[in-house]
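The numbering of the sequence shown is the numbering used here, which starts it at 333 and goes up by one.
Notes to accompany the following structure.
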Amino acid sequence: MALIGLVHTTRLVIDPVHTALADSLPDIEMSHVLDEGILRRLSSLGRITPEIVAWLTKMVATTEDAGADLAVVSCSSLSPCVNEVRRQVAIPVVKVDEPMFEHAIQHGSRIGLIMTNPTTWEPSQLLFEEVSSRLERRVELIPRLCPKAFAKLNRGDVAGHDLEVGAAVKELLQEVDLLMLAQISIARVKNDVAISDADRVLSSLDFIAGKARAMLGYC
333 MALIGLVHTT RLVIDPVHTA LADSLPDIEM SHVLDEGILR RLSSLGRITP
383 EIVAWLTKMV ATTEDAGADL AVVSCSSLSP CVNEVRRQVA IPVVKVDEPM
433 FEHAIQHGSR IGLIMTNPTT WEPSQLLFEE VSSRLERRVE LIPRLCPKAF
483 AKLNRGDVAG HDLEVGAAVK ELLQEVDLLM LAQISIARVK NDVAISDADR
533 VLSSLDFIAG KARAMLGYC
């Protein structure tokens, strides 16, 4: 039975990611590694440093030592580290947002990106450039940061957070073909989108199981 190692920087994403994978891949096992300190350190540093890369590498290596066949890094803010981490471990490592970005870039021309955590801003734009270059697609990214929503979530005001993000989604949908929710912590907002727009709003949870399935040879 295959084992997927899931690497997290916040406990808020553990259940959604686990459920998304378990629903699509009931015959696989999952092992979770959580360290919320790395994201706090990244926020205090203001940028990715060799220290952060080494920290994430150690987290991924923990899943490899546990026998994982594949590792998924669920933190959007750390996606730029993954290219280097891949060179340090023997198992494949997936950026949780990458399959969503691939789909959006292949199917849209003007693509929106909603973020709440300021540390996600630059990494998400770098990933967008990386994927669009690899796919040889000239597309436009329209990013939108919602820091007030992030502050509310940190205070435990989930309803207020979701209202802030929902309003940003509704507004940005008027400007773009497709809209990506950059963090798993805001993926649930998709459930409140109007039915007529639901197909245009993308979450990493919509794509990560398919990516894992393909990489594990389940299809």
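Even for Gly, the Cβ is constructed at its ideal location relative to N, Cα and C.
Small disclaimer: the values here were computed from a predicted structure and weren't measured.
Item: Beta-carbon proximity check, T341 vs I370, cutoff 8 Å; Value: yes
Item: Proximity winner among H364, L467, T381, R343, relative to T395 (alpha-carbon distances); Value: H364
Item: Complete runs of the alpha helix (DSSP H) confined to the segment 377-420 [at least 4 residues]; Value: 382-397, 411-420
Item: Selected residue, minimal CA-CA separation from D397, among Q420, V414, L377; Value: Q420
Item: Proximity of V501 and I446 at Cβ, strictly below 8 Å; Value: yes
Item: Option nearest P479 by Cα separation, candidates I527, T452, I443; Value: T452
Item: Cβ-Cβ distance between L485 and H493 below 8 Å; Value: yes
Item: Euclidean distance between Cα positions of D359 and V525; Value: 32 Å
Item: Whole-angstrom distance between R343 and L402, CA atom to CA atom; Value: 20 Å
Item: Per-residue burial, D355 [other beta carbons within 10 Å of its own, 16 or more giving buried]; Value: exposed
Item: Sequence-distant residues of the same chain with beta carbon closer than 7 Å to I423, five excluded per side; Value: E396, A400, D401, L402, A403
Item: Cβ shell of P412 (< 6 Å), same chain only, five flanking positions each side left out; Value: I380, P455, L458
Item: Straight-line Cα distance separating Q438 from V414; Value: 22 Å
Item: Contact set for V345: own chain, Cβ-Cβ below 7 Å, skip 5 residues either direction; Value: S406, I516, S517
Item: Same chain, Cβ closer than 8 Å to H350, five either side skipped, listed in chain order; Value: L338, M362, H364
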